[in-house]
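Using my numbering, read the sequence shown as starting at 84 and increasing by one per residue. A quick write-up on the structure given underneath.
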Amino acid sequence: MQITQQMLQNDLSGQVVLITGGAQRVGAMTARFLHAAGGNLVIHYRNSRQPALALQEELNAVRENSVILIQADLLDIDSLPVIIKQALEQWGRLDVLVNNASSFYPTPIGKVTEQHWDDLVGSNMKAPFFLSQAAALYLKKQQGCIINIVDIHAERPMEGHSVYNMAKAGLGMLVKTLAFELGPEVRVNGVAPGAIMWPTQEMDEVTKQRIVSRTYLKRKGSAEDIARTVLFLAASADYISGQTIAVDGGRSLFL
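The structure is reproduced here in structure tokens:
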């Protein structure tokens, strides 16, 4: 078989990608990568209006009318089909769903509230499930894919983050369940970041160095590492489904 240039390219030309929590951090970098590959983007945000507008302006300057924004609270389950509807109204199709939006903060045992539970489970597991359900029919029409941003701590717990750990573990199982339920038309995979970007909560340098030392590559990763893996799964991984790829410099081997 002759290997063609097309086989080697990550090409999303003409495809429509919905990214939740796509205005900042890993979500924004993922948006840049998928846009550079030719995708038309639906970028969801909740409160990050100004970063979302700035990213939209940046990407539309590269390719006119290629990015739209949708503001929504993903914990409002009734609003999720509306997000899909808005994407379809713009371009008439949906090819890729990236479930990236996530709440993250400590929940030490003894201090967990029902509000913590509802927020962390809601953003990390419940919303991705119901958004995927709303998108499934349209993804099937395009032979599309779903990519969930999981976490290496879905497999091994992170101290003091019990609810987050459980929610991400559920998201990891959602990868396998949806791959089973939506195949063969829809591929479903996950990406599990390790030490990629430090949390917005304050973290001291000693803790950071301890985390980095527990990777085999002895360095922190970057948002580009996650975005590049998402692009691979979206554009080039036609025979991969039901898998979660750890992008962690080998850290999960230490856990």
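Positions of the beta carbon are idealized from the N, C-alpha and C atoms, including for glycine.
Is the separation between the beta-carbon of Gly255 and that of Asp178 shorter than 9 Å?
no
Expressed to the nearest angstrom, what Euclidean distance is found between the alpha-carbon atoms of Ala217 and Val274?
21 Å
How far does the alpha helix (DSSP H) with His199 in it reach, from first residue to last?
197-204
Grab the span of the beta strand (DSSP E) containing Thr327 for me, first residue to last.
327-330
In the DSSP assignment, find the alpha helix (DSSP H) that holds Ile225 and state where it starts and stops.
According to the sequence shown, residue 225 is Gln rather than Ile. Taken as a continuous stretch (DSSP letters only), the alpha helix (DSSP H) holding Gln225 covers 210-225.
On the DSSP bridge assignment, give the partners of Pro191 in chain order.
Looking at the DSSP assignment, Pro191 forms no beta bridge with any residue, so it has no partner.
Distance check for Val271 and Leu336, CA to CA, integer angstroms please.
24 Å
Can you give the Cα-Cα distance for Gly122 and Gly97, rounded to whole angstroms?
6 Å
Between Val109 and Ala317, which are expected to be in contact by the criterion C-beta below 8 Å, what is the C-beta distance as a whole number of angstroms?
Incorrect: roughly 15 Å between the Cβ atoms, too far for contact.
In the DSSP output, which residue or residues are listed as bridge partners for Ser154?
Reading the sequence as shown, one finds Gln at residue 154 and not Ser. Note: Gln154 sits in a beta bridge opposite Tyr128.
Look at the alpha carbon of Val99 and the alpha carbon of Gly193, and state the distance between them as a whole number of angstroms.
About 44 Å.
What is the DSSP secondary structure of Arg270, reduced to helix, strand or coil?
strand
Between which residues of its own chain and Phe116 is the CB-CB distance below 8 Å, once the five residues before and five after are set aside?
Glu307, Ala310, Arg311, Val313, Leu314
For Ile86, which of helix, strand or coil comes out of DSSP?
Because Ile86 carries a pLDDT of 49, less than 50, the predicted location of this residue cannot be relied on, and the following value inherits that uncertainty. Coil.
Considering only the beta carbon of each residue, do Thr260 and Val181 sit closer than 9 Å?
no
DSSP on Asn148, reduced to helix/strand/coil?
coil
Taking Tyr247 as the reference, which of Gly333, Asp202, Ile229 has the closest Cα?
Asp202
Kindly indicate which three-state DSSP category Ile160 falls into: helix, strand or coil?
Ile160: helix per DSSP, three-state reduction.
Determine the DSSP secondary structure at Val313, reduced to helix, strand or coil.
In the structure shown, the three-state DSSP call for Val313 is helix.
Quick one: what's got a C-beta closer than 7 Å to Ala135's C-beta in the same chain, skipping five residues either side?
Ala106, Ile126, Tyr128, Leu152
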